[in-house]
Amino acid sequence: MDIALLLLLIIAASQLLRVQYQRARIALLGRHLARLQLEKHMETLTQGYARAIHDATESRQLQVLETLHQTERAAASQVQTLASSLREETPQSLKMGALSFCVPYAERFLPDGMLRDFQALVQIHADGLRHVVDNVENWDPKTRAYHLSAELYLLQHSCHWFCKSRGIADARLLLRHQVNHAKVLESVSHVTRTPYLRWLQGDSR
(Lines of atoms letter the chains of each structure in order from A and count residues from 1; the text may use other names and numbers.)
(Lines give C-alpha, C1' and ligand atoms only; values in the text may rest on other atoms or scores of the structure.)
Protein backbone atom coordinates (compact mmCIF):
# COMPACT_ATOMS: atom_id res chain seq x y z
CA MET A 1 0.00 0.00 0.00
CA ASP A 2 1.20 3.50 -0.84
CA ILE A 3 2.74 5.20 2.23
CA ALA A 4 0.81 8.43 1.65
CA LEU A 5 -2.48 6.54 1.46
CA LEU A 6 -1.63 4.59 4.60
CA LEU A 7 -0.86 7.79 6.48
CA LEU A 8 -4.12 9.32 5.25
CA LEU A 9 -6.09 6.31 6.50
CA ILE A 10 -4.34 6.48 9.89
CA ILE A 11 -5.11 10.20 10.23
CA ALA A 12 -8.76 9.66 9.23
CA ALA A 13 -9.15 6.80 11.69
CA SER A 14 -7.59 8.81 14.51
CA GLN A 15 -9.86 11.77 13.76
CA LEU A 16 -12.92 9.53 13.81
CA LEU A 17 -11.84 7.99 17.09
CA ARG A 18 -11.29 11.43 18.61
CA VAL A 19 -14.71 12.69 17.51
CA GLN A 20 -16.46 9.61 18.88
CA TYR A 21 -14.64 9.94 22.19
CA GLN A 22 -15.43 13.62 22.55
CA ARG A 23 -19.09 13.04 21.70
CA ALA A 24 -19.28 10.44 24.46
CA ARG A 25 -17.77 12.96 26.92
CA ILE A 26 -20.23 15.64 25.87
CA ALA A 27 -23.09 13.19 26.29
CA LEU A 28 -21.91 12.17 29.77
CA LEU A 29 -21.74 15.74 31.01
CA GLY A 30 -24.94 16.59 29.16
CA ARG A 31 -26.89 13.92 31.05
CA HIS A 32 -26.07 15.63 34.32
CA LEU A 33 -26.58 19.18 33.05
CA ALA A 34 -29.96 18.23 31.57
CA ARG A 35 -31.32 17.92 35.12
CA LEU A 36 -30.26 21.48 35.88
CA GLN A 37 -30.59 25.02 34.59
CA LEU A 38 -26.92 25.74 35.21
CA GLU A 39 -26.02 26.71 31.66
CA LYS A 40 -28.94 29.17 31.54
CA HIS A 41 -27.92 30.68 34.89
CA MET A 42 -24.31 31.06 33.78
CA GLU A 43 -25.35 32.80 30.57
CA THR A 44 -27.65 35.15 32.50
CA LEU A 45 -24.86 36.04 34.91
CA THR A 46 -22.09 36.58 32.38
CA GLN A 47 -24.37 38.77 30.25
CA GLY A 48 -25.57 40.62 33.36
CA TYR A 49 -22.05 41.36 34.58
CA ALA A 50 -21.08 42.63 31.11
CA ARG A 51 -24.16 44.86 31.03
CA ALA A 52 -23.37 46.27 34.47
CA ILE A 53 -19.80 47.08 33.45
CA HIS A 54 -20.99 49.06 30.44
CA ASP A 55 -23.70 51.04 32.25
CA ALA A 56 -22.81 54.71 32.43
CA THR A 57 -23.53 55.38 36.10
CA GLU A 58 -22.43 53.55 39.22
CA SER A 59 -25.95 53.60 40.64
CA ARG A 60 -27.25 51.79 37.56
CA GLN A 61 -24.38 49.29 37.73
CA LEU A 62 -25.31 48.44 41.32
CA GLN A 63 -28.97 48.08 40.39
CA VAL A 64 -28.13 45.57 37.68
CA LEU A 65 -25.86 43.58 40.01
CA GLU A 66 -28.58 43.52 42.66
CA THR A 67 -30.99 41.85 40.24
CA LEU A 68 -28.52 38.96 39.75
CA HIS A 69 -28.30 37.81 43.37
CA GLN A 70 -30.99 35.13 43.13
CA THR A 71 -29.46 33.71 39.94
CA GLU A 72 -26.02 33.68 41.60
CA ARG A 73 -27.33 31.63 44.51
CA ALA A 74 -29.11 29.26 42.12
CA ALA A 75 -25.94 28.78 40.06
CA ALA A 76 -23.82 28.07 43.15
CA SER A 77 -26.35 25.52 44.37
CA GLN A 78 -26.51 23.80 40.99
CA VAL A 79 -22.74 23.53 40.63
CA GLN A 80 -22.75 21.68 43.94
CA THR A 81 -25.58 19.48 42.64
CA LEU A 82 -23.51 18.75 39.53
CA ALA A 83 -20.47 17.82 41.62
CA SER A 84 -22.60 15.47 43.71
CA SER A 85 -24.38 13.87 40.74
CA LEU A 86 -21.08 13.13 38.99
CA ARG A 87 -20.32 10.68 41.78
CA GLU A 88 -22.85 8.38 40.09
CA GLU A 89 -20.32 7.81 37.30
CA THR A 90 -17.42 5.38 37.44
CA PRO A 91 -14.14 7.00 38.52
CA GLN A 92 -12.46 6.00 35.25
CA SER A 93 -15.10 7.72 33.13
CA LEU A 94 -14.35 11.04 34.85
CA LYS A 95 -10.58 10.95 34.35
CA MET A 96 -9.18 13.57 31.98
CA GLY A 97 -5.77 13.92 30.42
CA ALA A 98 -3.35 16.55 31.70
CA LEU A 99 -1.92 17.08 28.20
CA SER A 100 -3.01 20.08 26.12
CA PHE A 101 -4.39 17.90 23.32
CA CYS A 102 -7.02 15.16 23.30
CA VAL A 103 -5.80 11.58 23.66
CA PRO A 104 -8.86 9.36 23.15
CA TYR A 105 -9.41 6.88 25.99
CA ALA A 106 -6.31 8.15 27.77
CA GLU A 107 -7.89 7.11 31.08
CA ARG A 108 -7.52 3.47 30.03
CA PHE A 109 -3.78 3.40 29.47
CA LEU A 110 -2.02 6.55 30.73
CA PRO A 111 -0.49 6.47 34.23
CA ASP A 112 -2.36 8.23 37.03
CA GLY A 113 0.22 11.00 37.08
CA MET A 114 -0.96 12.10 33.61
CA LEU A 115 -4.65 12.04 34.52
CA ARG A 116 -6.90 14.32 36.55
CA ASP A 117 -10.29 13.77 38.22
CA PHE A 118 -13.12 15.86 36.73
CA GLN A 119 -15.48 15.27 39.66
CA ALA A 120 -12.88 16.62 42.08
CA LEU A 121 -12.42 19.63 39.81
CA VAL A 122 -16.15 20.42 39.76
CA GLN A 123 -16.20 20.17 43.56
CA ILE A 124 -13.40 22.75 43.68
CA HIS A 125 -15.53 25.03 41.52
CA ALA A 126 -18.59 24.43 43.71
CA ASP A 127 -16.70 25.36 46.88
CA GLY A 128 -15.12 28.44 45.32
CA LEU A 129 -18.33 29.71 43.76
CA ARG A 130 -20.21 29.36 47.02
CA HIS A 131 -17.46 31.27 48.81
CA VAL A 132 -17.77 34.22 46.43
CA VAL A 133 -21.58 34.17 46.26
CA ASP A 134 -21.72 34.26 50.06
CA ASN A 135 -19.23 37.16 49.93
CA VAL A 136 -17.14 35.77 52.76
CA GLU A 137 -14.43 38.32 51.90
CA ASN A 138 -16.92 41.20 52.24
CA TRP A 139 -16.08 42.61 48.79
CA ASP A 140 -17.93 45.60 47.38
CA PRO A 141 -20.54 44.66 44.70
CA LYS A 142 -18.31 45.37 41.68
CA THR A 143 -15.32 43.49 43.10
CA ARG A 144 -17.57 40.57 43.98
CA ALA A 145 -19.00 40.52 40.44
CA TYR A 146 -15.45 40.59 39.02
CA HIS A 147 -14.48 37.50 41.01
CA LEU A 148 -17.76 35.74 40.19
CA SER A 149 -17.16 36.31 36.48
CA ALA A 150 -13.74 34.69 36.81
CA GLU A 151 -15.22 31.74 38.72
CA LEU A 152 -17.76 31.15 35.95
CA TYR A 153 -15.17 31.50 33.18
CA LEU A 154 -12.91 28.95 34.88
CA LEU A 155 -15.83 26.54 35.32
CA GLN A 156 -16.63 26.82 31.61
CA HIS A 157 -12.96 26.19 30.83
CA SER A 158 -12.99 23.02 32.94
CA CYS A 159 -16.09 21.67 31.20
CA HIS A 160 -14.61 22.34 27.77
CA TRP A 161 -11.37 20.69 28.85
CA PHE A 162 -13.23 17.57 29.97
CA CYS A 163 -15.32 17.38 26.80
CA LYS A 164 -12.67 18.40 24.26
CA SER A 165 -9.12 19.18 25.42
CA ARG A 166 -7.16 21.72 27.43
CA GLY A 167 -5.95 23.41 24.27
CA ILE A 168 -9.48 23.88 22.94
CA ALA A 169 -10.65 25.11 26.35
CA ASP A 170 -7.86 27.72 26.36
CA ALA A 171 -8.80 28.87 22.85
CA ARG A 172 -12.52 29.12 23.62
CA LEU A 173 -11.84 31.12 26.77
CA LEU A 174 -9.76 33.61 24.82
CA LEU A 175 -12.23 33.79 21.92
CA ARG A 176 -15.42 34.14 23.99
CA HIS A 177 -14.21 36.30 26.84
CA GLN A 178 -10.96 37.89 25.56
CA VAL A 179 -9.04 36.65 28.58
CA ASN A 180 -6.49 33.87 28.99
CA HIS A 181 -6.46 31.01 31.46
CA ALA A 182 -3.68 32.48 33.60
CA LYS A 183 -5.56 35.76 34.07
CA VAL A 184 -8.80 33.97 34.98
CA LEU A 185 -6.99 31.80 37.49
CA GLU A 186 -5.40 34.90 39.00
CA SER A 187 -8.86 36.49 39.32
CA VAL A 188 -10.75 33.72 41.12
CA SER A 189 -10.86 33.54 44.91
CA HIS A 190 -8.10 31.75 46.83
CA VAL A 191 -10.71 29.13 47.80
CA THR A 192 -10.75 28.10 44.14
CA ARG A 193 -7.20 28.97 43.12
CA THR A 194 -5.24 27.07 45.80
CA PRO A 195 -6.90 23.65 45.37
CA TYR A 196 -7.10 24.16 41.60
CA LEU A 197 -3.33 24.61 41.40
CA ARG A 198 -2.86 21.47 43.51
CA TRP A 199 -5.27 19.64 41.19
CA LEU A 200 -3.28 20.79 38.16
CA GLN A 201 -0.15 19.30 39.72
CA GLY A 202 -1.92 16.02 40.41
CA ASP A 203 -2.04 16.57 44.16
CA SER A 204 -5.23 14.91 45.46
CA ARG A 205 -5.13 16.53 48.92
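Per our numbering: the sequence shown = residues 46 to 250.
Where is the CB? At the ideal position from N, CA and C, for every residue including glycine.
Query raised in the report: Got a sec? Which residues, its chain only, sit under 7 Å from D162 by beta carbon, not counting five neighbours each side?
Result: L139, K140
Query raised in the report: Pick from V229, D172, V109: whose alpha carbon is nearest that of H202?
Result: V229
Requested in this report: Would you grab the beta carbon distance between L74 and C204 for me? Rounded to a whole angstrom, and I think it's under 8 Å.
Outcome: 6 Å
Report task. Could you tell me the distance, in whole angstroms, from the CA atom of T188 to the CA atom of T239? Result -> 19 Å
Query - 8 Å CB neighbourhood of R118 in its chain, flanking five on each side removed - result: V178
Query raised in the report: Using DSSP with H/G/I as helix, E/B as strand and the rest coil, what is G187?
Result: For the sequence presented, residue 187 should be read as Lys rather than Gly. In this structure, K187 counts as helix in the three-state DSSP scheme.
**Report entry** For L61 and R68, the rounded distance between their alpha carbons
**Finding:** 11 Å
Query raised in the report: Going by DSSP, which residues form a beta bridge with K140?
Result: D162
Query raised in the report: Helix or strand or just coil, what does DSSP make of Q60?
Result: helix
Query raised in the report: Considering L218, what are the terminal residues of the alpha helix (DSSP H) in which it resides?
Result: 211-222
Query - A128 beta carbon less than 8 Å from that of V64 - result: no
Query raised in the report: Is S232 helix, strand or coil by DSSP?
Result: helix
Report task. Determine the closest residue to D185 out of R211, L110, S122, with distance taken between C-alpha atoms. Result -> L110
Query raised in the report: Whose CA, out of D157, H170, E182, A190, lies closest to the CA of T126?
Result: H170
**Report entry** Beta-carbon gap between T91 and S234 smaller than 8 Å
**Finding:** no
Query raised in the report: Going by the beta-carbon positions, is the gap between L83 and Q108 smaller than 8 Å?
Result: no
Query raised in the report: Near N225, what residues of its chain come up, given a Cβ to Cβ distance below 6 Å and the 5 sequence neighbours on each side ignored?
Result: L219
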